[in-house]
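Participant: Residue numbers (the UniProt record's numbering): 1 to 392.
Where a beta carbon is used, it is the ideal one built from N, C-alpha and C, also for glycine.
Given below as structure tokens:
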């Protein structure tokens with residue numbers, strides 16, 4: 001069962017002896033407030049004490065576990081694991097006189113809405129409810145119209161930003177679009193009005209246990225990009241004037257992940273949860289967040305998440321020291337024998353094709369650093385993971 005407290009903060013009563021300190025000034029004079037409003041810094045904490053009391057009472061009576069996030073409460077089960085009758089659970093907390101929302105609640109179901117998301121327990125999925133999807137879609141259309149008219153206000157930008165941040169929890173590939181909107185809000189500098197709208201960016205058109213397929217990536221500004229995939233390797237040498245204020249080692253390390261994703265795509269990987277090693281913690285953080293303050297890194301992240309979503313692939317990036325990274329010598333142009341080279345290498349998108357070319361195999365030297373035993377290369381044929389439905 002999911003319950004919702006109506007007007008959570010605005011119905012939190014103020015102790016009569018304290019009302020003298022809750023005086024509001026309006027156009028026609030001064031007013032004493034009787035409920036702790038949103039504007040008070042302690043309002044969330046005060047209402048939270050009442051909300052937490054609900055959980056404490058249920059747990060003391062053997063209804064556990066229960067969960068609460070602000071005004072959204074997920075009613076408990078009995079300690080035996082069976083749900084109590086709804087009237088019994090609510091009767092236990094009746095003396096608190098909690099103002100329950102008349103419509104924002106559900107009985108004990110396998111699929112329910114909680115904290116603004118649709119949770120399906122049998123399928124283990126979380127999604128945006130259809131009514132909220134349509135609501136946010138209209139909000140986006142309205143915001144775009146306002147921006148085109150040149151009458152965008154700070155409140156408009158903050159409202160759509162909050163909606164998109166909420167959506168990004170279930171649509172992580174959209175996170176890289178948020179920094180531009182954040183920068184637009186900062187540009188208001190506290191003013192209510194600002195002409196124009198946020199600068200548009202280019203908008204080109206996860207399953208089972210995590211698999212360790214020995215995936216490593218690395219980049220070097222002195223030479224280019226290298227990747228190690230299950231005993232095989234690939235490398236791209238940087239060419240042309242790729243360096244700029246926005247395109248630096250952070251961008252290069254992000255592109256290394258992008259080239260790995262393109263390689264996985266060309267090898268027909270799909271429906272997989274893969275472990276990937278990188279020696280750049282900044283890029284790992286940007287990937288996990290799905291966004292960066294750097295616009296060029298965001299473009300690369302955007303392409304990465306589009307490709308991953310199309311193949312239903314999820315990546316878990318973990319840090320590895322450079323000395324243990326078999327892709328490190330590859331990124332410096334020290335290449336193994338051609339026999340273990342990934343072939344063919346994937347075609348690069350137009351945004352990268354002018355900056356990188358596949359290695360010309362001019363160096364056939366063994367990697368100078370010994371690889372850890374658990375990551376020692378083996379001669380093998382690359383194969384995509386077998387989908388769960390095809391396994392016997």
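Around the Cβ of residue 126, are there at least 16 other Cβ atoms within 10 angstroms (buried) or fewer (exposed)?
Facilitator: Here the question's residue 126 lines up with position 126 in the chain shown. That one is exposed.
Participant: Going by Cα to Cα distance, which pick from 61, 330, 357 is closest to residue 349?
Facilitator: Along the chain shown, one-based indexing puts residue 349 at 349. Minimum Cα distance to residue 349 is reached at 357.
Participant: Hey, how far is the Cα of residue 111 from the Cα of residue 74?
Facilitator: Residue 111 sits at position 111 when you count from the first residue of the chain shown. Residue 74 sits at position 74 when you count from the first residue of the chain shown. Going from the Cα of residue 111 to the Cα of residue 74 covers about 13 Å.
Participant: Whose C-alpha, out of 93, 328, 180, is nearest the C-alpha of residue 51?
Facilitator: As a working mapping, residue 51 is identified with position 51 in the chain shown. Taking only the C-alpha atoms, the option nearest residue 51 is 93.
Participant: For residue 219, write down the residues that DSSP places opposite it in a beta bridge.
Facilitator: Here residue 219 corresponds to residue number 219 of the chain shown, with the count starting at 1. In DSSP, residue 219 forms a bridge with 225.
Participant: Assign residue 7 to one of two classes, buried (16 or more other C-beta atoms within 10 Å of its C-beta) or exposed (fewer than that).
Facilitator: Position 7 of the chain shown, counted from the first residue, corresponds to residue 7. So residue 7 counts as exposed.
Participant: Are residue 329 and residue 216 close, meaning C-beta to C-beta below 8 Å?
Facilitator: Against the chain shown, residue 329 aligns to sequence position 329. Against the chain shown, residue 216 aligns to sequence position 216. Against a cut-off of 8 Å, the Cβ pair of residue 216 and residue 329 comes out as no contact.
Participant: Tell me where the beta strand (DSSP E) around residue 249 begins and ends.
Facilitator: Position 249 of the chain shown, counting from 1, holds the residue named residue 249. Residue 249 -> not in any beta strand (DSSP E); alpha helix (DSSP H) instead, spanning 249–266.
Participant: Determine the extent of the beta strand (DSSP E) in which residue 147 is found, giving its start and end residues.
Facilitator: On the chain shown, residue 147 is found 147 positions in, with the first residue counted as 1. That residue, residue 147, is in no beta strand (DSSP E); its alpha helix (DSSP H) goes 130–149.
Participant: How long is the line joining the alpha carbons of residue 148 and residue 298, rounded to whole angstroms?
Facilitator: What you label residue 148 is simply residue 148 of the chain shown in a count that begins at 1. What you label residue 298 is simply residue 298 of the chain shown in a count that begins at 1. Taking the straight line joining both Cα atoms gives about 24 Å.
Participant: Can you list, in chain order, the residues of its chain whose CB lies under 8 Å from that of residue 167, leaving out five sequence neighbours each side?
Facilitator: Within the chain shown, numbered from 1, the residue matching residue 167 stands at position 167. Closer than 8 Å at the Cβ level, and outside the excluded window around residue 167, lie 128, 136, 174.
Participant: Measuring only from the beta carbon, is residue 240 closer than 7 Å to any heavy atom that is part of the ligand MN?
Facilitator: This structure simply doesn't include the ligand MN, nor any ligand for that matter.
Participant: Helix or strand or just coil, what does DSSP make of residue 8?
Facilitator: Within the chain shown, the letter at position 8 stands for residue 8. It is coil, neither helix nor strand.
Participant: Suppose contacts are defined by Cβ-Cβ distances below 8 Å. Is residue 341 in contact with residue 296 by that definition?
Facilitator: If you number the chain shown from 1, residue 341 lands on position 341. If you number the chain shown from 1, residue 296 lands on position 296. No; because the gap between Cβ atoms is not below 8 Å, this pair is not in contact.
Participant: Helix, strand or coil for residue 211? Go by DSSP, reduced to three states.
Facilitator: By one-based count along the chain shown, residue 211 stands at place 211. Looking at residue 211 - three-state DSSP - the assignment turns out to be strand.
Participant: Hey, residue 237 and residue 162: beta-carbon distance below 8 Å or not?
Facilitator: As a position in the chain shown, residue 237 is number 237, starting the count at 1. As a position in the chain shown, residue 162 is number 162, starting the count at 1. It is not a contact, given that the beta carbons lie outside the stated cut-off.
Participant: Taking three-plus beta-carbon pairs below 8 Å as touching, is the stretch 213–227 in contact with the stretch 263–276?
Facilitator: Yes, the stretch 213–227 is in contact with the stretch 263–276.
Participant: Would you tell me roughly how many angstroms separate the C-alpha atoms of residue 203 and residue 14, rounded to the nearest one?
Facilitator: For the purposes of this step, residue 203 is identified with residue 203 of the chain shown, where counting begins at 1. For the purposes of this step, residue 14 is identified with residue 14 of the chain shown, where counting begins at 1. With a pLDDT of only 31 at residue 203, under the threshold of 50, the placement of this residue in the model should not be trusted, and no figure is reported.
Participant: Using DSSP with H/G/I as helix, E/B as strand and the rest coil, what is residue 153?
Facilitator: Sequence index remark: in the chain shown, residue 153 carries index 153 (1-based). Of the three classes helix, strand and coil, the one that applies to residue 153 here is strand, per DSSP.
Participant: To the nearest angstrom, how far is the alpha carbon of residue 139 from that of residue 132?
Facilitator: Within the chain shown, residue 139 is the residue found at index 139, counting from 1. Within the chain shown, residue 132 is the residue found at index 132, counting from 1. Spanning the two alpha carbons is a distance of roughly 10 Å.
Participant: Which stretch, first to last residue, makes up the alpha helix (DSSP H) that contains residue 125?
Facilitator: As a working mapping, residue 125 is identified with position 125 in the chain shown. Element bounds for residue 125: not the alpha helix (DSSP H) but the beta strand (DSSP E), 125–127.
Participant: May I ask which residues mark the beginning and end of the beta strand (DSSP E) holding residue 117?
Facilitator: Along the chain shown, read from residue 1 onward, the residue named residue 117 stands at position 117. From DSSP, the beta strand (DSSP E) with residue 117 extends over 117–120.
Participant: For residue 15, which of helix, strand or coil comes out of DSSP?
Facilitator: The count along the chain shown starts at 1 and reaches residue 15 at position 15. Three-state result, residue 15: coil.
Participant: Using DSSP with H/G/I as helix, E/B as strand and the rest coil, what is residue 176?
Facilitator: In the chain shown, residue 176 corresponds to position 176, counting from 1. Residue state, collapsed to three classes: helix.
Participant: Measuring CB to CB, does residue 183 end up less than 8 Å from residue 291?
Facilitator: For this step, residue 183 is matched to residue 183 along the chain shown. For this step, residue 291 is matched to residue 291 along the chain shown. Contact: no.
Participant: Which partner residues of residue 67 appear in the DSSP bridge assignment?
Facilitator: Sequence index remark: in the chain shown, residue 67 carries index 67 (1-based). 74, per the DSSP bridge assignment.
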